[in-house]
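S.K.: Our numbering runs 7 ahead of the 1-based position in the sequence shown. Don't be surprised by glycine CBs; every beta carbon is placed ideally from N, CA and C.
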Amino acid sequence: MQALKERILKEGQNLGNGILKIDSLLNHQIYPDLMREMGEVMAAQFSHLKIDRILTAEISGIAPALLTGMVLNVPVVYARKKKPITMAGPVFLETAPSHTKGGDVPLLVSAEFLKEGESVLIIDDFLASGKTLMALARIIQSAKANLVGVGVVVEKAFEGGREAMRQAGYDIPIYALATITSMDSGKIVLA
Numbered sequence: 008m009q010a011l012k013e014r015i016l017k018e019g020q021n022l023g024n025g026i027l028k029i030d031s032l033l034n035h036q037i038y039p040d041l042m043r044e045m046g047e048v049m050a051a052q053f054s055h056l057k058i059d060r061i062l063t064a065e066i067s068g069i070a071p072a073l074l075t076g077m078v079l080n081v082p083v084v085y086a087r088k089k090k091p092i093t094m095a096g097p098v099f100l101e102t103a104p105s106h107t108k109g110g111d112v113p114l115l116v117s118a119e120f121l122k123e124g125e126s127v128l129i130i131d132d133f134l135a136s137g138k139t140l141m142a143l144a145r146i147i148q149s150a151k152a153n154l155v156g157v158g159v160v161v162e163k164a165f166e167g168g169r170e171a172m173r174q175a176g177y178d179i180p181i182y183a184l185a186t187i188t189s190m191d192s193g194k195i196v197l198a
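What follows is the structure, given as structure tokens:
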């Protein structure tokens, strides 16, 4: 997606160690026109699939998941990182490492929002190592629902997450709006 790539090159910062700071367009500030276009493009990629619900992780995945959900007209559920007192009853819990938080973070989804047999699409901010997406996929499996695809705003291809997911047995369509092939020497190189 050209508009996204241009924003990444203009506003993104390579902080080293594979960390891409795109706070100005996804993680802290959001351009509604760009987010709407991302949702439309993502929805078009997966419109041929039966999708009952979208799953993402808080917080940076919520905006692209919501706009995709609006276009597809399906509910969006996000995995929470802290259990609020309102989350009663059974929950699905997985953990995933966070580059930016420097450790594992819990991902919790109330069982009432993922139903057995549903077709679920994951939409998230990044595909790097694939560990967060695989944690979300395990939540879907725990719910006895079906993972039908993964869409991400940015894929850092050099971290091997797509291949890790395939090796873990996730034979599903994976789509990235922008793919970064290298972040060596302080640069950001897009495919």
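Going along the chain, which residues of its own chain have a beta-carbon closer than 6 Å to the beta-carbon of residue 168, five neighbours each way excluded?
M.R.: Counting from one through the sequence shown, the residue named residue 168 turns up at place 161. Excluding positions up to five away in sequence, the list reads 134, 135, 136, 137.
S.K.: What number of angstroms, rounded off, separates the C-alpha of residue 139 from the C-alpha of residue 102?
M.R.: Here residue 139 refers to the residue found at position 132 of the sequence shown. Here residue 102 refers to the residue found at position 95 of the sequence shown. The alpha-carbon atoms of residue 139 and residue 102 are separated by roughly 8 Å.
S.K.: Nearest to residue 100 by CA position, among 116, 64, 92, is which residue?
M.R.: Translated into the one-based positions of the sequence shown, residue 100 becomes position 93. Out of 116, 64, 92, 116 has the C-alpha closest to the C-alpha of residue 100.
S.K.: Would residue 160 pass as a contact of residue 120 if the rule is Cβ separation under 8 Å?
M.R.: Taking the first residue of the sequence shown as 1, we reach residue 160 at position 153. Taking the first residue of the sequence shown as 1, we reach residue 120 at position 113. Cβ atoms of residue 160 and residue 120: not closer than 8 Å.
S.K.: Mind pulling the beta strand (DSSP E) runs of 3 or more residues that sit fully within the stretch 104-184?
M.R.: 110-117, 126-134, 153-163
S.K.: Buried or exposed: which applies to residue 173, given that a residue is buried once 16 or more other Cβ atoms fall within 10 Å of its Cβ?
M.R.: For the purposes of this step, residue 173 is taken as residue 166 along the sequence shown, with counting starting at 1. Counting Cβ neighbours within 10 Å, residue 173 comes out exposed, since fewer than 16 surround it.
S.K.: For residue 65, name the three-state secondary structure that DSSP assigns.
M.R.: By 1-based counting over the sequence shown, the position of residue 65 is 58. If DSSP states are grouped into helix, strand and coil, residue 65 belongs with coil.
S.K.: For residue 54, does the three-state DSSP call read helix, strand or coil?
M.R.: Within the sequence shown, numbered from 1, the residue matching residue 54 stands at position 47. DSSP places residue 54 in coil when its eight states are reduced to three.
S.K.: Which same chain residues end up closer than 6 Å to residue 145 when comparing Cβ atoms and leaving out the 5 residues on each side of it in sequence?
M.R.: For this step, residue 145 is matched to residue 138 along the sequence shown. Closer than 6 Å at the Cβ level, and outside the excluded window around residue 145, lie 101.
S.K.: Going by DSSP in three states, residue 78 sits in which element: helix, strand or coil?
M.R.: To locate residue 78, count along the sequence shown from 1; it is residue 71. The three-state reading of DSSP puts residue 78 in helix, counting H, G and I together.
S.K.: Report yes if the C-beta of residue 96 is less than 7 Å from at least one heavy atom of the ligand ADP; otherwise report no.
M.R.: You won't find the ligand ADP in this model; it holds no ligand whatsoever.
S.K.: Between residue 17 and chain C, is the shortest Cβ-Cβ distance under 8 Å, so that the two count as touching?
M.R.: Going by chain labels, chain C is absent from the structure shown, which holds only one protein chain.
S.K.: To the nearest angstrom, how far is it from the Cα of residue 18 to the Cα of residue 58?
M.R.: On the sequence shown, position 11 is the one that residue 18 refers to. On the sequence shown, position 51 is the one that residue 58 refers to. C-alpha separation (whole angstroms): 33 Å.
S.K.: Please state if the CB of residue 45 and the CB of residue 184 are separated by a distance shorter than 8 Å.
M.R.: Within the sequence shown, residue 184 is the residue found at index 177, counting from 1. Within the sequence shown, residue 45 is the residue found at index 38, counting from 1. Taking 8 Å as the Cβ cut-off, residue 184 and residue 45 qualify as a contacting pair.
S.K.: Do residue 75 and residue 158 have their CB atoms nearer than 8 Å?
M.R.: Here residue 75 refers to the residue found at position 68 of the sequence shown. Here residue 158 refers to the residue found at position 151 of the sequence shown. A contact, by the Cβ cut-off of 8 Å.
S.K.: Only counting the same chain, and skipping five residues up and downstream in sequence, which positions put a Cβ closer than 6 Å to that of residue 164?
M.R.: By one-based count along the sequence shown, residue 164 stands at place 157. Excluding residues within five positions, the ones whose Cβ falls inside 6 Å are 186, 188.
S.K.: Buried or exposed for residue 60, please, with buried defined as at least 16 other CB atoms from any protein chain shown within 10 angstroms of its CB.
M.R.: Position 53 of the sequence shown, counting from 1, holds the residue named residue 60. Per the 10 Å Cβ criterion, buried.
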